[in-house]
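Here's the structure we're looking at; comments come further down.
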Amino acid sequence: MDEKYFPQEIEPKWQKRWADEKTFEVSEDHSRKKFYCLEMLAYTSGRAHIGHVSNYSIGDALSWYKRMRGFNVLHPFGWDAFGQPAETAAIKHGTDPEQFTREAIATMKAQFQKMGISYDWSREVATCDPKYYKWNQWFFIEMFKRGMIYRKKSPVNWCTKENISLSNEQASGGVCWRCGEPVIQKELMQWFARTTDYAGELLDALDKMEGDWPERVITMQRDWIGRSRGAQVTFKIADFDDSITVFTTRIDTIFGANAITLAPEHPLIAKLTEGTPQRDEVLTFAEKLKQQNRSARTLGELDKEGIFTGAYAINPFNNERLPIWVANFVLIEYGTGAVMGVPAGDERDFEFSRKYQIPFRQIKLTQEGREIPGDELGKPNEEWTTTVNTGEWSGLSSREANEKMTAYAEAHGFGKGSITYKLRDWGISRQRYWGTPVPMIHCEKCGTLPVPEEQLPVVLPKGVNLNVTEGSPLDHVPAFVNVECPQCQGAAKRDTDTMDTFVDSNWYYFRYCDPHNDQQPFAKEKIDYWMPVEQYIGGIEHAVMHLIYTRYWTKVMRDFGLVSFDEPVTRLLTQGMVCKETFYCPNKTCEHYEWLFPEEVSDDKRCNFCGTPVVVGRVEKMSKSKKNAVDPIEMIARNGADALRLFVLFAGPPEKDKEWSDEGFDGTARYLNRVWRVAYKWHSRISAAPSLEINQSALNEAQRKLRRRTHQLIRHLTENFEGRMHLNTCISSLMELTNEIYAFDQTVDKTGAATVTDAAVVRAALEALIRMLAPFAPHICEELWEQFGHRESLAKTAWPEFDEALAREEEVEIAVQVNGKLRSRIFVAPDADDDVLRATALADDKIKANLEGKQIVKVVVIPRRLVNVVIK
RNA sequence: CCCGCUGUAGCCUAAUGGGUAACGGCAACGGGCUUAAAAUCCGUGUAAUGUGAGUUCGAAUCUCACCAGCGGGACCA
Numbered sequence: 001m002d003e004k005y006f007p008q009e010i011e012p013k014w015q016k017r018w019a020d021e022k023t024f025e026v027s028e029d030h031s032r033k034k035f036y037c038l039e040m041l042a043y044t045s046g047r048a049h050i051g052h053v054s055n056y057s058i059g060d061a062l063s064w065y066k067r068m069r070g071f072n073v074l075h076p077f078g079w080d081a082f083g084q085p086a087e088t089a090a091i092k093h094g095t096d097p098e099q100f101t102r103e104a105i106a107t108m109k110a111q112f113q114k115m116g117i118s119y120d121w122s123r124e125v126a127t128c129d130p131k132y133y134k135w136n137q138w139f140f141i142e143m144f145k146r147g148m149i150y151r152k153k154s155p156v157n158w159c160t161k162e163n164i165s166l167s168n169e170q171a172s173g174g175v176c177w178r179c180g181e182p183v184i185q186k187e188l189m190q191w192f193a194r195t196t197d198y199a200g201e202l203l204d205a206l207d208k209m210e211g212d213w214p215e216r217v218i219t220m221q222r223d224w225i226g227r228s229r230g231a232q233v234t235f236k237i238a239d240f241d242d243s244i245t246v247f248t249t250r251i252d253t254i255f256g257a258n259a260i261t262l263a264p265e266h267p268l269i270a271k272l273t274e275g276t277p278q279r280d281e282v283l284t285f286a287e288k289l290k291q292q293n294r295s296a297r298t299l300g301e302l303d304k305e306g307i308f309t310g311a312y313a314i315n316p317f318n319n320e321r322l323p324i325w326v327a328n329f330v331l332i333e334y335g336t337g338a339v340m341g342v343p344a345g346d347e348r349d350f351e352f353s354r355k356y357q358i359p360f361r362q363i364k365l366t367q368e369g370r371e372i373p374g375d376e377l378g379k380p381n382e383e384w385t386t387t388v389n390t391g392e393w394s395g396l397s398s399r400e401a402n403e404k405m406t407a408y409a410e411a412h413g414f415g416k417g418s419i420t421y422k423l424r425d426w427g428i429s430r431q432r433y434w435g436t437p438v439p440m441i442h443c444e445k446c447g448t449l450p451v452p453e454e455q456l457p458v459v460l461p462k463g464v465n466l467n468v469t470e471g472s473p474l475d476h477v478p479a480f481v482n483v484e485c486p487q488c489q490g491a492a493k494r495d496t497d498t499m500d501t502f503v504d505s506n507w508y509y510f511r512y513c514d515p516h517n518d519q520q521p522f523a524k525e526k527i528d529y530w531m532p533v534e535q536y537i538g539g540i541e542h543a544v545m546h547l548i549y550t551r552y553w554t555k556v557m558r559d560f561g562l563v564s565f566d567e568p569v570t571r572l573l574t575q576g577m578v579c580k581e582t583f584y585c586p587n588k589t590c591e592h593y594e595w596l597f598p599e600e601v602s603d604d605k606r607c608n609f610c611g612t613p614v615v616v617g618r619v620e621k622m623s624k625s626k627k628n629a630v631d632p633i634e635m636i637a638r639n640g641a642d643a644l645r646l647f648v649l650f651a652g653p654p655e656k657d658k659e660w661s662d663e664g665f666d667g668t669a670r671y672l673n674r675v676w677r678v679a680y681k682w683h684s685r686i687s688a689a690p691s692l693e694i695n696q697s698a699l700n701e702a703q704r705k706l707r708r709r710t711h712q713l714i715r716h717l718t719e720n721f722e723g724r725m726h727l728n729t730c731i732s733s734l735m736e737l738t739n740e741i742y743a744f745d746q747t748v749d750k751t752g753a754a755t756v757t758d759a760a761v762v763r764a765a766l767e768a769l770i771r772m773l774a775p776f777a778p779h780i781c782e783e784l785w786e787q788f789g790h791r792e793s794l795a796k797t798a799w800p801e802f803d804e805a806l807a808r809e810e811e812v813e814i815a816v817q818v819n820g821k822l823r824s825r826i827f828v829a830p831d832a833d834d835d836v837l838r839a840t841a842l843a844d845d846k847i848k849a850n851l852e853g854k855q856i857v858k859v860v861v862i863p864r865r866l867v868n869v870v871i872k
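Sequential numbering of the first sequence, starting at 1, is according to our numbering.
Here it is in structure tokens:
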């Protein structure tokens, strides 16, 4: 055994051996329990970053632990290989997205392999592989046939910088989620998946996921799906045959309605104004409202603007004539795109009515039962809940009025109970090249038809000019576009949209279960064995989009009969970001004004270029632009992958953000050296001594203590892995165990030569340590394990068994309080009962002194913890 | 504006059904080893647990209010 620890030699050695021996490759084995540990697939940016290390270290620790506990562990990896950045990069460098992506995968794979994560690489999947995306197309067609995917013309979010359409989620806040540019509206024919069909189930199932998914992810998904229960009410239009249907959650306020308001996109506007003098004015105004910046519209910063169409609707409850308006604050995508305005019950309607001076009636009472006239009202108050001026329903509570009036509307055929969701159908079309081609054909005679299944996959053509200024690059490839109609054999055109990459990531981890299947996306019996995922680990940024779409896709696949469960992921862990402090040169005349690299800042915190004191910025997520990123590959070269992995796990609980520290990183490397040194020191003694059955009753105090601490720490690590997964505390326990071994070593040194029993006890402690450290630092542990004479990889070695009897303390310290204040400590046997504790505490000299002349009210006894004497 | 999470020594973190506030690390300081330094071994703890109240024999932990930081939502009828 080498005296020194050389991670640069050990790590490649074990990485090679694991690969040669296929240590982590698995197959279905019905005699063993399976465990599916999954980390989110990597986007092929071309470079590993510290977030990857953090993500994979968590999953690898759990995979190692479960493997050592006897589970058949599936731990696969793959690449999120389609998407806009590869296309942008290809345009910039004059290469091809495929070449760019293949090179990125090769580079990143080599980098990730240096981390030594225990992946079954034989199951690797890249989403840009036609063998993979063929099944995206297959799913698309199956869903199209069942009406679950459809096409409609709709205003889409459009990023002018990237010339790409964005989903509502991707355009959240009115800016592009990737580049931050403001988003404009553009009308296009788009493919949509009917996610709203599953909105209710997606929402309700979240209740059962409480405790297994992070609370904030569940909250975010609930908010995003956003269910409202209410009613649809149909209003006849005076002098027209048409009617307008509105959605309202407060049908009980309908007697207070003073207008019907339509979204500017509402199809009835043109008809209602036809042949009227105000027609042009209304249409122009509606057009203006449509073009209003979506960001302001969704940010709620928009001034309310509207125009009267000249038409009137009839309130079915009281036959009042209500003017029909068009206004910008009504959204076409939500509900029916039309609302009834009730100023007394809704702040928006109140504000709008006040601005345009539309009179209205009060329909609620104050708490004292007083009616508020409209002009006295500052704004609607939700505490006013009793209904007035509401015909036969006056005097009812809101809830009661809602129920009864909905039933009335239903009975009279002008309304019904209705549920509306904030969740919209998912726009999956992209007008770009680097994605899965939509497998559809447009024929002038036969309409829109799917590509016949035997012709799948529709492969992306190569050598395409990406630098087009209009539409999609695929529009400009005649050989791709011009096809024969599968029905009439006439000339037809291929659809040139590609799919959102969230389609790829919806089901990639199903594919891992059967990655080479060319007959179907996956075989059901393999899914039945491996799925669902026991533990999924990834970033919080995927809380809404990816994790809702993949849940949706699972339910679709279930309804196709492909899988037999409802939810794909049992437990979810969202890992924190790795952050670092930032430096900023505030001198605008300096050539390096703005962010600085740490090495550009002097020890006394000045800019190296201009001498100005730097601003020490906040501790932020590592990023290229803020110049605070550390390169994991450099770190591996410095201290090894084991130390790097250990550091990111030790810096804090997995779900919390962590701060990078060079000193802390060196500290974990120092720790591994410390483990190596003590293993080296005892290596020859242990090798010389035959393995020995330890006779507990013959051990001295130091030996008993080391055994006891060993088993206490086995308990701690085991419980932590099974429960909270606070891996940082596992590592501190391992350090503690290491310190105990050193302490024992010291006592042996003081008393002279080590005995055979000493060697046996240290061996037991060290081998427990090596096995428990393996999930965090597998290379060094495999090496030490081999040095200690074991032939079999730790991956095939059992986790240490916890022995309750050996962990038991011989004596415990009990705090003794008087009126809640600590006054003394006593030592008793751990199983001492209440009477013994009470008697021992009261007999204590310090306690006696405190009780002098006082009356004991009661004595609280907590076994193994404390005694509290309450006095007066 | 609404909702949620977090707040513990100089710093990061622990305390798992209220029960002795430091398990571990970083930094600092002292000592051993060394001609010296590095490395290494041993040792050293300095907090009214963000602020204020409440419940309790007892609160970092439960309740309320406030402050700070972070995150989510925000004309969704």
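In this text, a Cβ means the ideal position worked out from N, Cα and C, and glycines have one as well.
- Taking a C-beta distance under 8 Å as the contact criterion, V578 and K627 do not qualify as a contact pair.
- Following the DSSP letters along the chain, one finds Y529 inside the alpha helix (DSSP H) bounded by residues K524 to W530.
- Within the same chain, G345 come within 6 Å of R250 by CB-CB distance, once the 5 residues on both sides are set aside.
- Cβ contact annotation for T273 (same chain, cutoff 8 Å, sequence separation greater than five): R279, V282, L283, T309, G310 and A311, in chain order.
- Taking the Cα positions, D96 is about 12 Å away from F82.
- Contact between R511 and V125 holds: their C-beta atoms lie close to 5 Å from each other, under 8 Å.
- Under DSSP, V483 shares a beta bridge with A492.
- The C-alpha of L646 is placed about 40 Å away from the C-alpha of V816.
- Distances from the alpha-carbon of T496 to those of P267, S505 and P478 put P478 closest.
- A straight-line Cα-Cα distance of about 10 Å links L734 and E740.
- Take the alpha-carbon of R222 and the one of V533: they are about 22 Å apart.
- If you draw a straight line from the Cα of E591 to the Cα of I548, it is about 46 Å long.
- The beta carbon of F247 sits closer than 7 Å to the beta carbons of G230, Q232, G335, T336, S418 and T420 from its chain, once the five residues preceding and following it are set aside; these are given in chain order.
- Judged by their CB atoms, D252 and S398 are nearer to each other than the 8 Å cut-off.
- Separation of the CB atoms of T738 and R674 is rounded to 6 Å, and the pair is thereby assigned contact status at 8 Å.
- In the three-state reduction of the DSSP assignment, A679 falls in the helix class, which pools H, G and I.
- By the criterion of a C-beta distance shorter than 8 Å, I260 is surrounded in its chain by F235, I244, V246, A313, L322, P323, I324, W325, A338, V339, M340 and G341, once the five residues flanking it on both sides are discounted.
- If the five residues before and after T554 are omitted, its C-beta is found closer than 6 Å to the C-beta atoms of P568, all from its own chain and listed in chain order.
- With fewer than 16 other CB atoms across the displayed protein chains lying within 10 angstroms of its CB, M1 is exposed.
- Taking every protein chain shown into account, the CB of S793 has 16 or more other CB atoms within 10 angstroms, so this residue is buried.
- Secondary structure at D749: helix, using DSSP grouped into helix, strand and coil.
- The region 602-617 makes no contact with the region 647-657; the number of CB pairs closer than 8 Å stays below 3.
- For D80, the three-state secondary structure derived from DSSP is strand.
- With a cut-off of 8 Å on Cβ pairs, the region 23-31 is in contact with the region 108-127, counting three or more such pairs.
- A distance below 6 Å between beta-carbons, with the five flanking residues on each side excluded, links W799 to the following residues of its chain, in chain order: M68 and R69.
- Listed in chain order, the non-local C-beta contacts of V762 below 6 Å within the same chain comprise W682, local neighbours out to five positions each way being set aside.
- For T253, the three-state secondary structure derived from DSSP is helix.
- When DSSP states are grouped into helix, strand and coil, M499 belongs to the strand group.
- In this structure, W18 lies away from A42, with their beta-carbon atoms at least 8 Å apart.
- Per DSSP, reduced to three states, the secondary structure at E719 is helical.
- In this structure, the alpha-carbon of M622 lies about 45 Å from that of E351.
- In this structure, S564 lies away from R571, with their beta-carbon atoms at least 8 Å apart.
- Here E655 is not near Q712, since their CB atoms are 8 Å or more apart.
- With 16 or more other Cβ atoms from the protein chains shown falling within 10 Å of its own Cβ, P521 counts as buried.
- Bridge partners of V816 according to DSSP: S824 and V867.
- In the three-state scheme derived from DSSP, where H, G and I count as helix and E and B as strand, F308 is classed as strand.
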